[in-house]
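Visitor: Quick note: the sequence shown, position 89, residue 114 per our numbering, numbers continuous. Provided herewith is a single structure, encoded as structure tokens, for subsequent inquiry.
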Amino acid sequence: MRRADVVIVGSGVMGAATAYWLTHLQPDLRVTLVESDTRYEKASSSLSASSIRQQFTCPVNIHLSQYGIGFLREADQHLSLPDHPVALGLQEPGYLYLAQAEQVADMQTAHHIHQQAGADVALLGPEALRQRFPWLNVDDVALGSLGLSGEGWFDGPALHQAFLKKAMAQGVQRVHDQVVGLDHTDTQVSAVQLASGERLHCGQVVNAAGPWAGEVAAMAGVHLPVEAARRTVFVLSCPEPLPQCPLLIDPSGWWLRPEGRFLITGAEPLHTEPKLPLEPNWAEWSDEQWASLAHRIPALAALRVERAWAGYYEMNTFDHNAVIGPHPDLRNLYFINGFSGHGMQHAAGAGLALAEWMLHGKSKTIDVQALGFERLVQNKPLLELQVIG
26 MRRADVVIVG SGVMGAATAY WLTHLQPDLR VTLVESDTRY EKASSSLSAS SIRQQFTCPV
86 NIHLSQYGIG FLREADQHLS LPDHPVALGL QEPGYLYLAQ AEQVADMQTA HHIHQQAGAD
146 VALLGPEALR QRFPWLNVDD VALGSLGLSG EGWFDGPALH QAFLKKAMAQ GVQRVHDQVV
206 GLDHTDTQVS AVQLASGERL HCGQVVNAAG PWAGEVAAMA GVHLPVEAAR RTVFVLSCPE
266 PLPQCPLLID PSGWWLRPEG RFLITGAEPL HTEPKLPLEP NWAEWSDEQW ASLAHRIPAL
326 AALRVERAWA GYYEMNTFDH NAVIGPHPDL RNLYFINGFS GHGMQHAAGA GLALAEWMLH
386 GKSKTIDVQA LGFERLVQNK PLLELQVIG
């Protein structure tokens, strides 16, 4: 039976980032990643829209994003290898939330939180929005919240691969297998059972299983309210340019941003059952959706839908926020799960925070205790008001 100091279940961006930070902070640590989908065909890391924002209402999420944007700007310094430079194509045009009259009070409350946390966000009235974005119809908009810096999008799969390659260059082992069980007592996990019949003895275990994290937690008798929630992304072409287009969040609930010479968009799904097939739901594209987009951006009256894809949010159904840190009873079982659509942007900071927690007993660089498992046990949700999709 092989032994590792740390076994990480899942080598998507969360598992890869945690492995990178653990071996960066303690180079002699023996870390093993276990991954059943080494082509990452179903991984959220491969299917994410890969955007980053400061505009959250939970300060811990803002701080994770602030760390994340700094890391993305310097990713090549952190993650490059002699034969693998890192190019993430980071762009920072900002996020633009639009509010109608009944939503203004909530937007102003959120803006106060942004200011308190040091986020570079401005509130703009309709005339200021028209001047900045002349292609945007704001006749029914009362206020907009625009990220002036530190918000945008990047190549998420490239970030994931950079974390993974750097971690493996630092000595992390990746095993192509599936976790089917956890040997445990009431106080600790002693080994990870694999589908091949092998057992990996371990000092610590990290659940980084993404949309399947709830199933892995159940192997230790732990209820983790994380489910695979399908989201469809539509790729559009537009005959007219939209200069300085940010990531736009409409009051009706859809979002849209540029992606190369195209636009991508998504909205709240029609069906919310967990573990739906990982295929685009074309029923979510309708005449009503088209009309809503064309109302907000008149040039989109002539749009064309080019294609679509689907990915899973690892949805924390308890409060739509991440769970980071140890289990209160199984003290060597750690979680980095349930990011509910904002995992890619928080991977660098979340991986660092968890690695510090595992090695030093607490997260030092970013205080993520508000995201600890204890809130699930105590039934004290940490509610995020600015949830997209």
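Idealized CB from N, CA, C, for every residue including glycine. Quantities reported herein were computed from a predicted structural model and do not represent experimental measurements.
#1: Mind checking whether E252 and H345 have CB atoms under 9 Å apart?
#2: Grab me the residues of F343's own chain with a C-beta within less than 7 Å of its C-beta, minus the 5 sequence neighbours each way, in chain order.
#3: Helix, strand or coil for D275, going by three-state DSSP, please let me know.
#4: For the alpha helix (DSSP H) containing D131, list its first residue and its last residue.
#5: Please report the distance separating the alpha-carbon of E176 from that of R98.
#6: Is it buried or exposed for P266, if we count other Cβ within 10 angstroms and need 16 for buried?
#7: In this structure, what does DSSP give as the bridge partners for H226?
#8: Beta carbon of V34, beta carbon of V247: below 9 Å?
#9: In the DSSP assignment, what residue or residues form a beta bridge with W178?
#10: For the 8 Å Cβ check, are there 3 or more pairs between the region 349-367 and the region 307-319?
#11: Return the chain-ordered list of same chain residues with a C-beta closer than 6 Å to the C-beta of G37, the five sequence neighbours on each side being excluded.
#12: Are there 16 or more other CB atoms within 10 angstroms of the CB of H201, so buried, or fewer, so exposed?
#13: State the start and end residues of the unbroken alpha helix (DSSP H) segment that holds H371.
#14: Can you tell which of V59, A29, V205 and Q370 has its C-alpha closest to the C-alpha of E117?
#15: Where does V348 sit, in a helix, a strand or coil, going by DSSP?
#16: Nearest to G181 by CA position, among H139, L72, Q229 and E223, is which residue?
#17: Starting from V330, trace the alpha helix (DSSP H) in both directions and tell me its first and last residue.
#18: Counting only runs of 3+ residues fully inside the region 246-295, write out the beta strand (DSSP E) ranges in chain order.
#19: On a CA-only basis, which of Q195, S262, S170 and P159 is nearest A42? Give me that one, please.
#20: Could you pull the DSSP bridge partners for S170 from this structure?
#21: Put G414 into one of helix, strand or coil per three-state DSSP.
#22: Distance, Cα to Cα, P276 vs G291?
#23: For D208, which three-state DSSP category applies?
#24: Quick check on the burial criterion: 16 or more other C-beta atoms within 10 angstroms. Buried or exposed for H367?
#25: Report yes if the CB atom of P294 is closer than 9 Å to the CB atom of R332, and no otherwise.
#26: Among residues of its own chain, excluding the 5 on either side of S388, which ones have a beta-carbon nearer than 6 Å to its beta-carbon?
#27: Report the residue from A242, R321 and G95 whose alpha carbon sits nearest the alpha carbon of I274.
Guide: Taking the structure as given:
#1: no
#2: P250, L401 and P406
#3: coil
#4: V129 to Q141
#5: 11 Å
#6: exposed
#7: R28 and A216
#8: no
#9: S76 and Q116
#10: no
#11: A68, S70 and G235
#12: exposed
#13: G368 to H385
#14: Q370
#15: strand
#16: L72
#17: First-last for V330: R329 to N341, but that is the beta strand (DSSP E), not the alpha helix (DSSP H).
#18: 251-262, 272-274, 280-284 and 287-291
#19: Q195
#20: Y122 and L148
#21: coil
#22: 13 Å
#23: strand
#24: buried
#25: no
#26: A378, E381 and W382
#27: R321
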